[in-house]
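**Q** In terms of my numbering, the sequence shown has 17 at position 15, counting the first letter as 1, and numbering is strictly consecutive.
Quick one: the structure is below, questions incoming.
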Amino acid sequence: MIIPQLSIFLENKSGRLTEVLEALGKENIRIIALSVADTSEFGILRLIVPDPDRARALLKEQHFTVNISEVISVRTPNEAQHYARLLRILSDLDISVEYTYGFPHGKEAVIVLRCSNNEEAVKALENKNIELLSAKDFKDF
């Protein structure tokens with residue numbers, strides 16, 4: 003399934019990440035998954051949260067630049083060969099993975115992927131009986 007992900011652009015300046023997390027914490031917004039990518043001048047904080055619209059509005063009020071993008075989320079056994087299988091399914095169809103990150107969930111792993119064509123990636127994974135997670139699934143995490 004395709005799910006929403008927050009992307010927050012941060013200056014590479016001490017304390018900016020803390021400010022985002024404190025703002026979300028004050029409003030009791032849970033963070034399900036977090037990833038940070040950086041360059042020399044800025045960083046991109048990527049978050050999966052149960053209520054992305056509420057989180058986005060809150061962060062915009064705090065003058066953060068926030069976008070909601072679409073990603074795919076997959077539940078898989080927490081073993082490298084299962085992750086490799088996901089990637090093989092996509093690469094065999096010339097679907098590129100722009101970025102990915104994951105986190106453990108019990109004895110399994112949840113993998114988040116941004117693909118060059120998310121819709122085709124979802125179809126390909128569903129055709130191979132890969133378990134995709136919906137935004138609703140994350141409400142219970």
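For glycine and all other residues, C-beta sits at the position ideal for the given N, C-alpha and C.
1) Within the continuous alpha helix (DSSP H) that includes E121, where are the two ends?
2) Using a threshold of 7 Å, state whether the C-beta atoms of N69 and S9 are closer than that.
3) Examine chain B for any beta-carbon lying closer than 7 Å to the beta-carbon of S136, and answer yes or no.
4) Can you check DSSP and say which residues form a bridge with D1?
5) Which residue from L88, E128, A123 and S71 puts its Cα closest to that of D55?
6) List the endpoints of the continuous beta strand (DSSP E) containing P106.
7) Please identify the residue among S42, A82, A123 and R18 whose C-alpha is closest to the C-alpha of L61.
8) Between which two residues does the alpha helix (DSSP H) harbouring V22 extend?
9) Is the distance from the Cβ of A35 to the Cβ of I50 below 7 Å?
10) Sort E43, R32 and I91 by Cα distance to I132 and report the nearest one.
11) Taking Cβ to Cβ, would you say A137 is nearer than 7 Å to I31?
12) From E110 to A86, what distance separates their C-alpha atoms?
13) Tell me which residues share the same chain as K141 and place their Cβ nearer than 8 Å to its Cβ, disregarding the 5 neighbours each side in the sequence.
14) Where does the unbroken alpha helix (DSSP H) through E63 begin, and where does it stop?
**A** Taking the definition as stated:
1) N120 to N129
2) yes
3) Although the question refers to chain B, the structure presented lacks it and comprises just one protein chain.
4) A query on residue 1 cannot be resolved here, the shown segment of the chain reaching from 3 to 143 and no further.
5) S71
6) V99 to H107
7) R18
8) R18 to K28
9) yes
10) I91
11) no
12) 15 Å
13) P52
14) P54 to E63
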